[in-house]
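Our numbering applies: residue 12 is where the first sequence begins, and numbers increase by one.
What follows is one structure encoded as structure tokens, with my remarks underneath.
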Amino acid sequence: MRLSRYFLPIIKETPKEAEIVSHRLMLRAGMIRQQSAGIYSWLPLGLKVLRKIERIVEEEQARAGAVQLLMPTIQSADLWRESGRYDAYGKEMLRITDRHDRDMLFGPTNEEMITDIFRSNVRSYKDLPLNLYHIQWKFRDEVRPRFGVMRGREFLMKDAYSFDLDQDAAVESYNRMFVAYLRTYKRMGLTAIPMRAETGPIGGDLSHEFIVLADTGESAVYCHSDYLEKAVPGEDVDFDSDLSPIVADWTSDYAATEDVVDMTEFENSVPEDKRISARGIEVGQTFYFGTKYSAPMGAKVATADGTEVPVHMGSYGVGVSRLLGAIIEANHDDDGIVWPASVAPFHVGVVNLKVGDELTDSACEDLYAKLEAAGIEVLYDDTDNRAGAKFATMDLIGLPFQVVGGPRGLKDGLFEVKDRRSGEKEMLSPEATFNKLVSALTV
RNA sequence: CGGGGUAUAGCGCAGCCUGGUAGCGCAUCUGGUUUGGGACCAGAGGGUCGCAAGUUCGAAUCUUGCUGCCCCGACCA
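Below is the structure:
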């Protein structure tokens with residue numbers, strides 16, 4: 012992509028409304044713009060990252076056996092009356108009336124709707140286990156939205172729903188999502204710790220919140236420091252096998268959020284030098300809630316002996332839009348964002364320092380074309396801004412590598428290649444530059 | 001939902017107390033000089049001062065009401 016033809020509105024000053032670093036950087040880097048309280052437009056650079064996060068989520072959901080569908084944002088109030096949540100949910104739910112005066116709502120979650128889909132299409136235990144998910148915009152009318160996309164009113168969420176014949180099978184489904192989550196966050200460069208959690212309005216018995224440690228996190232968390240070093244299951248993990256040893260390993264040491272923490276238990280079970288007391292961002296939550304929705308809504312299947320039983324369900328959320336904030340909170344420095352390569356909007360920024368100069372133009376154009384042809388995503392700065400402004404923009408948007416082509420180096424046939432994270436720079440020939448980037452960025 | 005702020009050019013702000021018809025910095029545009037870490041000089045464009053009433057000869061400024069946004073708390077993915 013040529014920067015001269017892209018839409019990347021950079022802000023030099025610090026926007027006054029942004030309190031936390033991820034919000035500031037997302038505004039400054041031209042990723043988002045606020046449309047009203049807690050509601051944002053996603054500009055091209057932000058959308059690119061959002062899509063990359065979705066892709067990782069989709070790949071790991073597929074690996075764990077979940078099947079993607081798409082449910083609407085607007086739901087009928089009648090469904091919610093069946094579960095009893097229409098009255099229970101409160102003012103967080105945005106209620107809408109259509110032209111026929113029918114009560115509608117902008118969905119804050121989809122348990123009722125998925126249960127409806129299930130009950131009208133599945134009858135037999137032979138169709139289980141089943142895990143259906145979608146990635147869709149949700150709306151919760153938070154009293155006080157803040158922190159940019161971390162706590163918006165409109166937000167993009169992956170929510171999966173598992174259906175099983177009994178509790179034992181449901182726990183196996185739960186474990187599959189649990190392991191998928193460990194892998195999902197790891198691939199985005201995050202260390203997410205599963206913590207004991209409250210079940211909130213969704214209800215249920217078994218639940219974990221996946222927490223990323225960050226100073227700007229919304230809640231206080233307490234956990235064992237070993238979690239920071241624990242190995243995440245690899246690509247080869249067999250989701251058809253018994254995953255309970257992995258889950259047991261990842262839940263053996265103490266970890267809880269402030270809502271449910273028992274300080275006595277924390278101090279008794281974790282040695283003093285291993286205790287972490289920090290702040291955390293919730294990036295996902297898993298629930299097993301049994302027949303809470305299937306029973307009142309009549310989602311039943313026939314068992315092997317012909318009797319009908321309500322299915323056991325679980326739901327599993329990932330805050331997709333919120334993850335951008337969490338990733339930036341965990342990956343930035345004084346100059347801007349430092350994207351992990353897996354979610355970076357582009358892999359490489361090629362900076363032409365002297366547009367119009369025959370030598371730099373041809374060298375930069377050539378490298379740009381070759382990298383794109385090799386499947387590497389390049390943002391090519393072919394604008395005629397000053398060098399300092401170009402460097403500052405590249406640092407701000409945080410692409411993993413910067414390649415600088417200017418008359419000074421190119422008269423000796425060399426580009427300067429900078430690693431954004433380490434700040435290390437080296438002078439390389441065009442061939443060496445190409446080879447280094449290809450080997451660093453392709454698996 | 002309680003408490004506290006704030007609203008003036010695209011962004012950040014001054015002007016308001018003490019009423020007289022709007023200004024600064026950045027950004028934008030033009031010309032010139034520059035050019036390896038957010039350049040400099042000169043010039044230009046851009047605002048029904050959040051909305052609505054009221055007071056007044058006259059309101060960005062005073063009064064009342066409404067609305068948006070931000071911060072703290074409670075709540076929450």
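Backbone N, C-alpha and C fix where the C-beta goes; we use that ideal spot for every residue, glycine too.
The three-state reading of DSSP puts Thr297 in strand, counting E and B together. Closest option to Asp177, judged by alpha-carbon separation, among Asp249, Ala313, Trp261, Pro205: Ala313.
With contacts defined by Cβ atoms closer than 7 Å, Thr394 and Leu56 do not form a contacting pair.
Distance from the Cα of Ser218 is smallest, within the candidate group Arg198, Ala181, Arg290, Lys241, for Ala181. Only residues of its own chain outside the window of five on either side were considered, and among them Gly41 have a CB closer than 6 Å to the CB of Pro20, listed in chain order. Here Val414 is actually not in contact with Val329; their C-beta atoms are around 34 Å apart, not less than 8 Å. Contact annotation: Ile31 and Phe189 have beta-carbon atoms that are not nearer than 7 Å. Between the segment 234-253 and the segment 152-169 there are fewer than three inter-stretch CB-CB distances shorter than 8 Å, so the stretches are not counted as touching.
A direct Cα-to-Cα measurement between His145 and Gln79 gives close to 5 Å. Among the bridge pairs identified by DSSP, Phe221 is matched with Pro205, Gly295. Asp114: member of the beta strand (DSSP E) spanning 114-117, first to last residue. Within the model, the alpha-carbon separation for Glu93 versus Pro307 is close to 7 Å. With a 10 Å radius around the Cβ and a threshold of 16 neighbouring Cβ atoms, Ala384 comes out exposed. For the segment 229-273, the full-length beta strand (DSSP E) segments reaching 3 residues or more read 230-235, 266-268 along the chain. Close CB contacts of Trp261 within its chain, under the 7 Å cut and outside five residues either way in sequence, are with Leu193, Pro205, Lys241 (chain order). Every beta strand (DSSP E) stretch that sits fully inside the segment 386-451 and reaches 3 residues is listed by chain position as 389-392, 412-416, 426-430, 436-439.
Between Leu382 and Val366 a beta carbon distance of about 18 Å is seen, past the 8 Å cut, so the two are scored as non-contacting. With a 10 Å radius around the Cβ and a threshold of 16 neighbouring Cβ atoms, Ile50 comes out exposed. Ranking Ala403, Ala77, Val349, Asn186 by CA distance to the CA of Leu364 puts Ala403 first. Here the C-alpha atom of Asp98 lies approximately 21 Å from the C-alpha atom of Arg155. Pairing His323 with Gly295 gives a Cβ-Cβ distance that is not under 7 Å. The beta carbons of Arg44 and Ser52 sit closer together than 7 Å. In the structure shown, Ala171 falls within a strand segment according to DSSP collapsed to helix, strand and coil. Here Leu19 carries a coil assignment [DSSP, helix/strand/coil]. Non-local C-beta neighbours of Leu448 in its own chain, meaning closer than 7 Å and more than five positions away in sequence, comprise Val359, Leu382, Ile387, Phe412, ordered along the chain. For the pair Tyr265 and Ala451, the Cα-to-Cα distance works out to about 37 Å.
Proximity to Lys197 across Ala231, Ile107, Glu246 peaks at Glu246, based on C-alpha coordinates.
By DSSP's assignment, Arg162 forms a beta bridge with Arg157. Nearest C-alpha to Glu153 among Pro119, Asp430, Gln46: Pro119. By the Cβ neighbour-count rule, Arg35 is buried, with 16 or more other Cβ atoms within 10 Å of its own. In this model, Thr453 and Trp350 are separated by some 16 Å (Cα to Cα). Judged by beta-carbon spacing, Ala374 lies beyond the 7 Å limit of Leu425, meaning their Cβ atoms are not closer than that value. Rounded to the nearest whole angstrom, the C-alpha separation of Ala289 and Asp226 is 7 Å. Contact annotation, Ile408 with Gly347: C-beta distance approximately 7 Å; criterion of less than 8 Å satisfied.
Counted as a single uninterrupted DSSP element, the stretch harbouring Thr108 is not any alpha helix (DSSP H) but the beta strand (DSSP E) occupying residues 105-108. A straight-line Cα-Cα distance of about 24 Å links Glu293 and Met82.
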